[in-house]
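Engineer: Have a look at the structure that comes next, please.
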Amino acid sequence: MTDGVKRRTVLKTVAAIPLALTFGLLASPFLRFLRPTLEPLDILGKSDQPLAEPPIPTFTDKDFPDPWTCINFTFNQKYIEYNPELKEVRTIPGFIVKLPNGDVVAYSRICPHLGCIFNFVKDPEECLKGYNFKPQGPVFACPCHLSVYDIAQGGKVVSGPAPRPPRKFQLKQENGQIEVTSLEAGSIA
């Protein structure tokens, strides 16, 4: 019996080696899925999430003299890529708007429906003529498929096929300066 047990143990071990190698090879992609980093198996390393790339859009309180003042800007976002430059920089168009309550908000101008660039429409009558929807106040409106977003309600979709509000930019406000620091994570659709 000892020969049979030894032979069985050896065969089990030999059969388990390919299985162990397979699970070992799956560990790195699984860990990168849980926490994206620059290097495989570098669990404690720096994340490879997109970052702001200079120049950083900066505004002052004086740029927004009245409620519903809207300024368009571009935001450069750096993605780590495995190319000779080790990065890719994408330019994302945005709107920064002063609300009637004094808050300043910023949104990506990329429509979450199919990626068209939407407009700021201040006049409800103009929105009715061009987008078949009459809002209560100024809105963002996409000319491609007529999605309309209510800025006063956090970019809520009030008309059209868009599945969700546009992505928001995070702002840093300090000493009368307003700096666009990052973009909400997500994709177009």
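Using my numbering, read the sequence shown as starting at 795 and increasing by one per residue. We put the CB at the ideal spot given by N, CA and C, even for glycine.
Between the alpha carbons of Val-952 and Arg-958, how many angstroms are there, rounded?
Structural biologist: Spanning the two alpha carbons is a distance of roughly 10 Å.
Engineer: Judging by CA-CA distance, which residue of Tyr-876, Gly-980 and Glu-973 is the nearest neighbour of Thr-854?
Structural biologist: Nearest of Tyr-876, Gly-980 and Glu-973 to Thr-854, Cα basis: Glu-973.
Engineer: Cβ atoms of Gly-888 and Arg-903: under 8 Å apart, would you say?
Structural biologist: Yes.
Engineer: By how many angstroms is the C-alpha of Asn-913 removed from the C-alpha of Ala-983?
Structural biologist: Any answer about Ala-983 is weak, because its pLDDT of 47 lies below 50 and its placement is not dependable; what the coordinates show is given next. So the alpha carbons of these two residues sit roughly 18 Å apart.
Engineer: Measure how close the beta-carbons of Thr-852 and Gln-971 come, nearest whole angstrom, since I'm counting them as under 8 Å.
Structural biologist: Confirmed, about 6 Å.
Engineer: Leu-977 by DSSP, collapsed to three states: which one?
Structural biologist: Residue state, collapsed to three classes: strand.
Engineer: Quick one, are the C-beta atoms of Pro-937 and His-907 less than 8 Å apart?
Structural biologist: No, they are not a contact pair.
Engineer: What does DSSP give as the partner residue(s) for Ile-890 in the beta ladder?
Structural biologist: DSSP output for Ile-890 lists Ile-865 and Ala-900 as bridge partner(s).
Engineer: Have a look at Gln-843, Lys-800, Glu-875 and Val-899 and flag the residue whose alpha-carbon is nearest the alpha-carbon of Asn-866.
Structural biologist: The shortest Cα separation from Asn-866 among Gln-843, Lys-800, Glu-875 and Val-899 belongs to Val-899.
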